[in-house]
Structure formats: C-alpha cells, structure tokens
Amino acid sequence: MKRDKLIGILLMIVAFSAMLGLGLIAVFIFLEGLPIIGKVGVWDFVFSAQWYPAEGKFGILSMIVGSLFVTAGAILIGLVFGLGCAIVLTQFCPRKLVSVIKPSIELLAGIPSVVYGFMGVLILVPVIRDYLGGPGLSVLASSIVLGIMVLPTVTSISVDALQAVPRSFYEGSIAIGATRWQTTWMVMLKGARSGIVAAFILGMGRAVGETMAVIMVAGNTISMPGSILDPVRTLTSNIALEMSYSAGDHRKALFATGVVLFIIIMILNTIALWVSRKRVWKGPRR
Amino acid sequence: MRLSPATSQKIAVTGLWTLAAVTMGVLLFIIAYVLAHGLPYVTWEFLSQSPHRMGKEGGVFPIIVGTLMVAGLGVLIAAPVGVITAVYLTEYTREGKLTAVIRFGADCLAGIPSIIFGLFGFVFFAITLGLGLSIISGALTLALMMLPTIIRTTEEAVKAVPRAYREASFGLGSTRWQMVTKVVLRSALPGIVTGIVLSIGRSISETAAVMLTAGSALGLPQSIFDPARTLALHFYIMSREGISMSKAFATAAVLILAILLINLLAYWIMRRFVAKAR
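Chains A and B, in that order, are what the protein sequence lines are. With the first letter of the first sequence counted as 1, position 60 gets the number 60 in my numbering; the numbers rise by one all the way through. Plus 286 on top of the position in the second sequence (first one is 1) and you've got my numbering.
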C-alpha cells in the first residue's frame with residue numbers, strides 16, 4: 001500500500017510537467033520581451049505603426065491590424081466550411097461516407113503548413129493578382145489559406161458538440177413534424193451552441209498563431225492594409241522573418257512581439273475553455 | 287414568398303453538401319498536385335544522396351535523417367510524460383482543483399502557436415541550457431508541443447477501458463500500479479499508440495519551431511547535439527529562396543507521402559482497436 005502511495009506522488013510530479021512547460025514559456029518570453037516594451041513604452045509599442053529596428057523604433061500596430069484582418073477572414077471561411085462539414089457529417093451523411101470524410105478532414109490537419117503556403121503562392125496568388133488586382137500576396141490570399149487550415153479544428157470540435165446534443169432533442173423535434181433541416185437549424189445547432197462558439201474561438205487562435213503559410217502568401221510589407229488586396233505582415237511572420245538576423249534591442253523587440261501574441265492567445269484560450277465548460281446540459285455520460 | 291419546409295431543406299442540404307464537397311476537393315487537389323509535380327523527381331539518388339550547392343543538386347538523405355532524429359527523439363521524450371500524466375489524471379486521483387490545474391496547463395499548451403514554442407526553445411534550451419541550435423533543442427521543443435495531444439488521446443483510450451477490468455484486477459488482489467500497468471495500459475495500448483503516431487505526423491510537418499531551435503544545417507548530423515534541417519524546413523527554404531523548384535516539389539512529395547502513411551497507420555491501428563473492442 002505504501003509503495004502505491006509513493007508511485008502516486010511520483011506520477012503527480014510528472015503530471016505537472018505540462019503546467020511547468022506552460023509556466024516556463026510564459027516566464028522566458030516575458031523576461032526577454034518585457035524590458036524593451038518598458039523602454040519603448042507600452043503605448044508606443046502597441047499603438048505606433050513605425051517599425052524601424054535600425055533606428056530603434058519598435059511599433060507593431062500595423063502587424064496587430066494585419067493579424068486581425070487575416071484572422072477575421074480566415075475564421076469566416078473556416079467557420080462556414082468547417083461547420084458545414086460538421087453538420088453534414090453528423091446529420092445528413094450515410095455512415096459509410098462518414099468513414100471516408102472524417103479521416104480526410106483529419107488528413108487535412110496533418111498537411112504541413114509550408115505546403116499550404118506553397119500551394120497558395122502557386123495557385124491562389126496568381127489568380128487574385130490577375131482577376132482582382134493588387135500584388136496577389138495579400139490579406140485575401142492569407143485568409144483563404146488560413147481558412148482551409150483552421151477548417152479541421154472547427155470541424156472536429158463542432159462534430160463533438162453536435163454529437164453531445166441529447167438524442168431525445170432530435171427525436172422530439174422530428175416527432176412534432178419538423179423536417180431534418182429544421183431540426184438541425186433550430187434544435188441541434190442551438191443545443192451545440194457553446195461547443196460551436198469554442199470551435200470559433202479556438203479556430204481564431206489557430207489562425208492568429210499560424211506562421212509559415214502566412215509568410216509565404218501575405219507579402220509581409222510593414223504597412224497598414226487599406227483593402228483585402230493589400231499585402232500585410234502579421235505578428236507571427238514578423239518574428240519568424242527577422243529572428244535570424246536580429247540582435248540586441250531588435251531581438252528583444254521580437255520577443256516583445258511574442259509577448260503580445262502570447263497574451264492574445266491566452267485570452268482566446270481562456271474564453272474557449274470557459275465557454276465550453278459553461279454548458280447548460282452536458283448530455284448523458286458515456 | 288415563404289419557402290415550404292421541404293424546399294428549404296432541399297436548398298440547405300444541397301448547400302451543405304457543396305461545402306463538404308469543396309473541402310474534399312481542396313484536399314484531393316493539394317495531394318494530387320504535389321505528388322504529380324514531385325514524384326517524378328523522387329528517385330533513389332534523391333533519397334540516398336547528400337544535397338550539393340545548397341540543395342540545387344543532389345538529394346535529401348541528411349535531411350531525412352535529421353527529421354527522423356528530431357521527431358523521434360521528441361516523441362521519446364513526450365510519450366512517457368504524456369502517458370504518465372494521463373494515467374495520473376484518470377487512475378490516480380479524483381477530479382478536483384489539482385486535475386483542473388493540470389488540464390488547464392495541457393489545454394493552454396495545445397493552443398500556443400508554434401512560433402512561440404520556437405522563441406521559447408531558442409532562449410531556454412538553446413541559450414539558457416547551452417544546448418545550442420541542435421537536434422536535442424528541437425526535440426525538447428517538439429516534445430512540449432506534442433504533450434497535450436498525447437495526454438488527450440491517452441486519457442480517452444484509458445477511459446474507454448471497461449470498469450469491470452479494473453474491478454476484476456482489484457478483486458484478484460493486485461495493487462493499483464499492477465492494475466494500471468498490466469490491465470488498463472495493456473488494453474488501452476492501441477488507442478495510445480494511435481495518438482503517439484499522429485503526434486509524430488504533427489511534428490514532422492512542424493516548421494517554425496524547428497527553424498528557431500534545430501537550425502538549418504545541411505550536413506549529416508553525427509550526434510543529437512549537432513544542428514539539423516528537417517524536411518518541412520528544407521522545403522520552405524528551397525521554395526522560398528527559389529533554389530530549385532523540382533527539388534522543392536520532390537521534398538514536398540516525400541513529406542506528403544510520409545504524412546499519408548502515418549495517418550493511414552494511425553487509422554489502421556484505431557480500426558483494429560475498435561473491431562477488437564466489439
């Protein structure tokens with residue numbers, strides 16, 4: 001019995017490593033990034049669009065705006081397609097087809113982000129440039145590429161949420177004469193609301209945090225985007241692009257960019273966790 | 287004009303199926319495009335030779351070795367920690383504040399962008415711990431990234447083990463540890479392996495974090511303290527700097543094939559697991 005207790009304590013120590021990892025990440029990113037934010041001033045760092053590392057000017061406003069633009073477009077696309085796939089999979093799809101579509105969507109999540117970026121450059125960017133104007137490398141291109149990339153996240157969380165809606169809700173609605181679509185729209189989606197909101201927010205987190213694909217299709221110019229056809233630079237691409245040749249204050253400012261990104265992500269994560277816990281009814285336990 | 291319920295259902299269902307079809311189309315298109323443009327250049331020489339002139343000529347042998355070492359070492363570190371965490375959460379403790387904290391940590395870790403992992407790995411493993419840009423720095427960083435997935439999938443697999451198994455094991459007089467190792471983990475093994483295989487796939491496709499922690503050296507790594515380049519990063523550099531389109535496509539084809547195989551393997555293990563459970 002004593003040995004069992006000891007094992008339990010040992011396991012507990014190991015179990016804390018995820019939390020420890022998270023803590024270490026926060027501490028080290030903040031340690032490296034905060035001093036430069038202090039030096040430049042929080043206001044000037046976040047609300048100035050002047051990023052001239054050689055002159056000691058570090059303002060990331062245009063990148064924050066860039067990240068927001070790109071993310072908004074991506075989640076719009078990701079949500080429409082992801083939720084659409086989730087509804088088809090859970091409500092209208094014969095079981096045989098589910099066993100084809102579901103692993104395919106998981107495979108979509110497994111394709112490396114650099115491949116998405118590459119496909120974006122080869123196919124999407126020329127189409128946008130030739131038919132819509134602008135340089136092609138743009139907010140729109142990034143949003144479409146990221147939208148495809150967040151789709152699997154949105155789909156898998158929405159599928160879980162839709163499946164968690166009690167079967168009796170579905171049967172009740174069908175029994176009073178609603179069509180399957182009316183049932184899906186009015187009952188199932190309402191029942192799965194909190195899960196779908198969580199999918200929306202976690203998808204946003206994915207889009208904000210994606211780096212390599214965005215570098216390849218966004219154009220990366222440091223300027224305020226005026227339209228969705230303008231090139232932008234996001235927070236993530238700023239870090240990845242300049243890390244290799246930065247030093248001193250410049251490198252610290254990149255970590256500070258990481259601090260802003262970290263805070264955005266933690267806010268999104270916390271909202272998502274909170275929303276998905278606040279479920280009215282959890283459904284029958286398996 | 288009000289649509290009848292039957293008509294609106296028809297419209298909605300058609301729309302939804304279109305969305306799903308477009309999604310599947312995009313997936314098939316990406317895979318087919320990359321394989322069609324890349325496979326012709328994937329020869330035995332490409333797989334077995336070292337790159338010359340920055341990758342313009344030659345093959346990707348050291349890069350395959352580097353990829354396997356970074357991802358393999360990463361999973362060797364992450365798998366035991368992840369499985370132990372999941373076992374602790376499900377078998378050794380009741381739901382409470384402690385498990386809530388551990389779960390919060392794992393959930394948040396899952397949402398952190400790879401570039402942040404990269405920054406952290408760079409400043410912590412490479413500089414603070416003095417490991418430099420190396421395979422071990424990259425592997426430790428990837429291990430942190432894989433941890434949440436392994437915890438989550440192991441937890442699900444362990445929870446699916448019927449209660450009766452545990453009761454029978456206790457009934458025979460086993461300790462909790464014996465019950466966990468000899469009964470629960472053994473019957474949850476396929477589920478756990480599926481999770482681990484999928485996280486290997488994830489770590490092979492990872493680019494940003496590896497770029498900042500494992501470096502981008504083209505030489506054949508001699509030990510885990512050497513820098514290395516992974517396939518995904520090689521592909522990025524080749525295509526972005528326009529070194530060689532054919533070699534970039536060939537690298538992408540190798541990468542996509544590896545991911546396909548890994549996913550099929552995971553799926554196959556899972557199917558067998560489900561079939562056995564019935």
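Idealized CB from N, CA, C, for every residue including glycine. Small disclaimer: the values here were computed from a predicted structure and weren't measured.
Cβ neighbour criterion (16 or more within 10 Å) applied to residue i
| i | result |
| --- | --- |
| tyrosine 131 of chain A | exposed |
| threonine 179 of chain A | buried |
| arginine 285 of chain A | Confidence is the limiting factor: at arginine 285 of chain A the pLDDT is only 45, short of 50, which leaves the residue's position unreliable and the question unanswerable from this model. |
| lysine 383 of chain B | exposed |
| phenylalanine 488 of chain B | Note on residue identity: the sequence assigns arginine, not phenylalanine, to residue 488 of chain B. Classification for arginine 488 of chain B: buried. |
| tyrosine 522 of chain B | buried |
| threonine 480 of chain B | buried |
| threonine 257 of chain A | buried |
| tyrosine 339 of chain A | As shown, chain A starts at 1 and ends at 286. That puts residue 339 of chain A outside it, with no answer to give. |
| methionine 224 of chain A | exposed |
| histidine 520 of chain B | buried |
| methionine 186 of chain A | exposed |
| methionine 497 of chain B | buried |
| glutamine 295 of chain B | buried |
| glycine 248 of chain A | exposed |
| threonine 329 of chain B | exposed |
| serine 156 of chain A | buried |
| arginine 167 of chain A | exposed |
| tryptophan 181 of chain A | buried |
| glycine 172 of chain A | exposed |
| methionine 245 of chain A | According to the sequence shown, residue 245 of chain A is tyrosine rather than methionine. Burial call: exposed. |
| leucine 202 of chain A | buried |
| glutamate 492 of chain B | buried |
| arginine 389 of chain B | buried |
Backbone secondary structure at residue i - three-state DSSP
| i | result |
| --- | --- |
| phenylalanine 511 of chain B | coil |
| phenylalanine 58 of chain A | strand |
| proline 337 of chain B | strand |
| glycine 501 of chain B | coil |
| glycine 23 of chain A | helix |
| glycine 283 of chain A | Residue placement at glycine 283 of chain A is poorly supported in this model, since its pLDDT is 47, which falls under 50; the coordinates still yield a value, given next. Here glycine 283 of chain A sits in coil by DSSP. |
| glycine 424 of chain B | helix |
| glutamate 381 of chain B | coil |
| glutamate 582 of chain B | This structure does not reach residue 582 of chain B, given that chain B is present from 287 up to 564, and the question cannot be answered. |
| valine 187 of chain A | helix |
Cβ separation of residue i and residue j, assumed to be a contact under 8 Å, to the nearest whole Å
| i | j | result |
| --- | --- | --- |
| tyrosine 374 of chain B | leucine 11 of chain A | 4 Å |
| leucine 76 of chain A | leucine 108 of chain A | Contact flag wrong, Cβ pair sits at about 18 Å. |
| threonine 376 of chain B | lysine 445 of chain B | 6 Å |
| serine 158 of chain A | glycine 110 of chain A | 19 Å between Cβ atoms; not a contact. |
| glutamate 206 of chain A | methionine 119 of chain A | The residue asked about is misnamed: residue 206 of chain A is arginine in this sequence, not glutamate. Arginine 206 of chain A to methionine 119 of chain A, Cβ: 18 Å. No contact. |
| valine 232 of chain A | alanine 218 of chain A | 5 Å |
| valine 387 of chain B | serine 17 of chain A | That belief does not hold up - the Cβ atoms of valine 387 of chain B and serine 17 of chain A are roughly 13 Å apart, past 8 Å. |
| isoleucine 60 of chain A | valine 260 of chain A | 7 Å |
| leucine 484 of chain B | threonine 435 of chain B | 7 Å |
Any chain C beta carbon closer than 7 Å to residue i
| i | result |
| --- | --- |
| aspartate 4 of chain A | The chain labelled as chain C is not found among the protein chains of the depicted structure, namely A and B. |
Using a Cβ-Cβ cutoff of 9 Å, what residues of the segment 449 to 463 of chain B are near chain A? List them in chain order.
From the segment 449 to 463 of chain B, only Thr461, Arg462, Trp463 have a Cβ closer than 9 Å to chain A.
Report the residue ranges of all alpha helix (DSSP H) runs contained in full by the segment 94 to 176 of chain A; include only those spanning at least 4 residues, in chain order.
List check, alpha helix (DSSP H) in window: 95 to 110, 113 to 119, 125 to 131, 139 to 164, 167 to 175.
Those runs of the alpha helix (DSSP H) which lie wholly inside the segment 215 to 281 of chain A and span at least 4 residues:
Fully contained in the segment 215 to 281 of chain A are the following alpha helix (DSSP H) runs of length 4 or more, in chain order: 235 to 242, 248 to 277.
Mind listing which residues of the segment 381 to 403 of chain B have their C-beta closer than 8 Å to chain A's C-betas, in chain order?
Listed in chain order, the positions of the segment 381 to 403 of chain B with a beta carbon within less than 8 Å of a beta carbon of chain A are Leu384, Val387, Ile388, Phe390, Gly391, Ala392, Asp393, Cys394, Leu395, Gly397, Ile398, Pro399, Ser400, Ile401, Ile402, Phe403.
Selection of the segment 351 to 381 of chain B by Cβ proximity to chain A, strictly under 7 Å:
Correct list: Val367, Ile370, Thr371, Val373, Tyr374, Leu375, Tyr378.
Between the segment 148 to 182 of chain A and chain B, which residues of the former have CB atoms less than 8 Å from a CB of the latter, in chain order?
The segment 148 to 182 of chain A vs chain B, Cβ under 8 Å: Ile148, Leu151, Ala178, Thr179, Arg180, Trp181, Gln182.
Note down, in chain order, all residues in the segment 234 to 259 of chain A with a beta-carbon under 7 Å from any beta-carbon belonging to chain B.
From the segment 234 to 259 of chain A, only Thr236, Ile239, Ala240, Met243, Phe255, Gly258 have a Cβ closer than 7 Å to chain B.
Of the residues that make up the segment 103 to 116 of chain A, which ones have a beta carbon closer than 8 Å to any beta carbon in chain B?
Per Cβ criterion, the list reads Pro103, Ser104, Ile105, Glu106, Leu107, Leu108, Gly110, Ile111, Pro112, Ser113, Val114, Val115, Tyr116.
Along the segment 318 to 338 of chain B, what residues have a CB closer than 8 Å to any CB found in chain A?
Correct list: Tyr319, Val320.
With 7 Å as the C-beta to C-beta threshold (strictly closer), list the residues of the segment 10 to 36 of chain A near chain B in chain order.
If the cut-off is 7 Å between Cβ atoms, the segment 10 to 36 of chain A has Leu11, Met12, Val14, Ala15, Phe16, Ser17, Ala18, Met19, Gly21, Leu22, Leu24, Ile25, Phe28, Ile29, Glu32 near chain B.
When Cβ atoms are compared, which residues of the segment 289 to 301 of chain B fall closer than 8 Å to chain A?
Here the close residues are Pro291, Ala292, Ser294, Gln295, Ala298, Val299, Gly301.
Taking beta-carbon pairs under 8 Å, can you tell me which members of the segment 522 to 534 of chain B lie near chain A?
Residues Tyr522, Ser525, Arg526, Ala534.
Could you name the residues of the segment 470 to 485 of chain B whose beta carbon sits closer than 8 Å to any beta carbon of chain A, in the order they occur along the chain?
Answer set for the segment 470 to 485 of chain B: Leu484.
Could you run through the segment 417 to 442 of chain B and flag, in chain order, every residue whose CB is less than 8 Å away from some CB of chain A?
Residues of the segment 417 to 442 of chain B whose Cβ lies closer than 8 Å to any Cβ of chain A, in chain order: Leu430, Leu433, Pro434, Ile437.
Taking Cβ-Cβ distances below 9 Å as the criterion, which residues of the segment 72 to 96 of chain A are in contact with chain B?
Within the segment 72 to 96 of chain A, Val80, Phe81, Gly82, Leu83, Gly84, Cys85, Ile87, Val88, Leu89, Gln91, Phe92, Cys93 place their CB atoms closer than 9 Å to a CB of chain B, listed in sequence order.
What are the uninterrupted segments assigned as alpha helix (DSSP H) that are 4 or more residues long and contained completely in the segment 424 to 488 of chain B, given in chain order?
Annotation: the segment 424 to 488 of chain B contains the following complete segments of the alpha helix (DSSP H) (minimum length 4 residues), in chain order: 449 to 457.
Mind listing which residues of the segment 123 to 147 of chain A have their C-beta closer than 7 Å to chain B's C-betas, in chain order?
Legend: CB atoms of the segment 123 to 147 of chain A lying less than 7 Å from CB atoms of chain B are not found in any residue.
Report the residues of the segment 537 to 560 of chain B with a CB closer than 8 Å to any CB of chain A, ordered along the chain.
The segment 537 to 560 of chain B vs chain A, Cβ under 8 Å: Ala538, Leu541, Ile542, Ile545, Leu546, Ile548, Asn549, Tyr553.
According to a CB-to-CB cut-off of less than 9 Å, which residues of the segment 259 to 274 of chain A neighbour chain B?
Residues of the segment 259 to 274 of chain A with a Cβ closer than 9 Å to any Cβ of chain B, in chain order: Leu261, Phe262, Ile265, Met266, Leu268, Asn269, Thr270, Ala272, Leu273.
Name the residues in the segment 179 to 212 of chain A whose C-beta lies less than 9 Å from a C-beta of chain B; which are they?
Within the segment 179 to 212 of chain A, the qualifying residues are Thr179, Arg180, Trp181, Gln182, Thr184, Trp185, Leu202, Gly205, Arg206, Val208, Gly209, Glu210, Thr211, Met212.
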